[in-house]
Amino acid sequence: AQTVTQSQPEMSVQEAETVTLSCTYDTSESDYYLFWYKQPPSRQMILVIRQEAYKQQNATENRFSVNFQKAAKSFSLKISDSQLGDAAMYFCAFIPGTYKYIFGTGTRLKVLA
Amino acid sequence: DSGVTQTPKHLITATGQRVTLRCSPRSGDLSVYWYQQSLDQGLQFLIQYYNGEERAKGNILERFSAQQFPDLHSELNLSSLELGDSALYFCASSGTGLLSEQYFGPGTRLTVT
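Protein chains in written order, with my numbering: chain A, 4 to 116; chain B, -19 to 93.
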């Protein structure tokens, strides 16, 4: 079965510092897509960043970047220059060719002033 | 505002009852997804429709059903409700393609008493 694991239920980071959230997945497919979504206290789900498995280059969106290690089936999210507004639940999602989206259980990020 | 609307925002009902949740996708989006998020849990993918046709089915109970209408709005029907069905139900919409960003609605909070 395809699974997504976020092993860090909660993380804390000082404002302006860098934090990395981990995500691993299990699949036998070679082509798939990976996403990170953010869910602030408002509960609204917001896309942070996305990555196509066949692309070697790691995706970057402003202060957010990923470290995609396909062989290790790892897709970690790095947040640089953390801001108070980054405090939220972060979900890693894996999308295989079957369109059956699989989300991890989330990591709650706290940003300390 | 994601452009996806969901009604109602809150719903309180008793065990054994049936409810219908409604979702209107963003203008132009053909795909609609339904997710269930139980308290402090990740998202469970329930079902996806594309232009009126079921495209993918996840962990959706037999007591649950959905459809997408010609005007592309979608409804999720939950019947024989149990206490464990209490959750936040999200609808999302997207364009075509697995890499397309999903735009999430604000969710419907269902409480079964």
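Every residue gets a Cβ at the ideal spot worked out from N, C-alpha and C, and that includes glycine. None of these values were measured; they are calculated from a predicted model.
Opening and closing residue of the beta strand (DSSP E) in which residue i lies
i: CYS71/B; result: 67 to 74
i: LYS81/A; result: 77 to 82
i: ALA36/B; result: 33 to 37
i: GLN(-14)/B; result: -15 to -13
i: LEU79/B; result: Run containing LEU79/B: none; DSSP gives neither H nor E here.
i: SER175/B; result: Since the first residue of chain B shown is -19 and the last is 93, residue 175/B is not available in this structure.
i: GLN17/B; result: 11 to 17
i: ARG89/B; result: 88 to 92
i: THR(-7)/B; result: -10 to -7
i: THR8/A; result: 6 to 8
Beta carbon of residue i nearer than 9 Å to that of residue j
i: CYS3/B; j: GLU55/B; result: yes
i: LEU52/B; j: GLY32/B; result: yes
i: GLN48/B; j: TYR29/B; result: yes
i: PHE25/B; j: ILE105/A; result: yes
i: SER73/B; j: VAL(-1)/B; result: no
i: GLN42/A; j: CYS26/A; result: no
i: ALA36/B; j: TYR102/A; result: yes
i: ILE27/B; j: THR91/B; result: no
i: ASN70/A; j: THR23/A; result: yes
i: PHE67/A; j: ILE82/A; result: yes
i: GLY107/A; j: TYR35/A; result: no
i: ALA2/A; j: LEU37/A; result: In the structure displayed, chain A extends from 4 to 116; residue 2/A sits before or after that span and is not available.
i: TYR40/A; j: ALA96/A; result: yes
i: THR93/B; j: LYS(-11)/B; result: no
Where residue i falls: helix, strand or coil (DSSP)
i: ASP29/A; result: strand
i: LEU26/B; result: strand
i: LEU115/A; result: strand
i: LEU52/B; result: coil
i: LEU61/B; result: coil
i: GLN72/A; result: strand
i: ILE40/B; result: coil
i: GLU20/A; result: coil
i: SER15/A; result: strand
i: ALA46/B; result: strand
i: GLN21/B; result: coil
Residues bridged to residue i (per DSSP)
i: GLN86/A; result: Paired residue(s): none; GLN86/A is not in a bridge.
i: LYS41/A; result: ILE49/A, TYR93/A
i: THR110/A; result: TYR93/A
i: THR63/A; result: SER68/A
i: TYR35/A; result: Beta-bridge pairing links TYR35/A to no other residue.
Interface residues of chain E facing residue i [CB-CB closer than 9 Å]
i: GLU81/B; result: This model lacks chain E altogether, as its protein chains are A and B.
beta-carbon residue i near the ligand MG non-hydrogen atom, thresh 8 Å
i: TYR28/A; result: In the structure on display, the ligand MG does not appear, and there are no ligands present to speak of.
**Report entry** Proximal residues, the stretch -18 to 15 of chain B versus chain A, C-beta separation under 9 Å
**Finding:** SER(-18), SER11, TYR13, TYR15
Query raised in the report: Using a beta-carbon distance cut-off of less than 7 Å, what residues from the stretch 32 to 58 of chain A approach chain B?
Result: TYR36, ARG46, GLN47, MET48, LEU50, ARG53, GLU55
Query raised in the report: Just by C-beta distance, which residues in the stretch 65 to 99 of chain A are closer than 7 Å to chain B?
Result: PHE94, ILE98
Query raised in the report: Along the stretch 22 to 53 of chain B, what residues have a CB closer than 8 Å to any CB found in chain A?
Result: GLY22, LEU23, GLN24, PHE25, GLN28, ARG35, ALA36, LYS37, GLY38
Query raised in the report: Taking any Cβ of chain A, which residues in the stretch 58 to 74 of chain B have a Cβ under 7 Å from it, in chain order?
Result: LEU68, PHE70
Query raised in the report: Between the stretch 100 to 114 of chain A and chain B, which residues of the former have CB atoms less than 8 Å from a CB of the latter, in chain order?
Result: GLY100, THR101, TYR102, LYS103, TYR104, ILE105, PHE106, GLY107, THR108, GLY109
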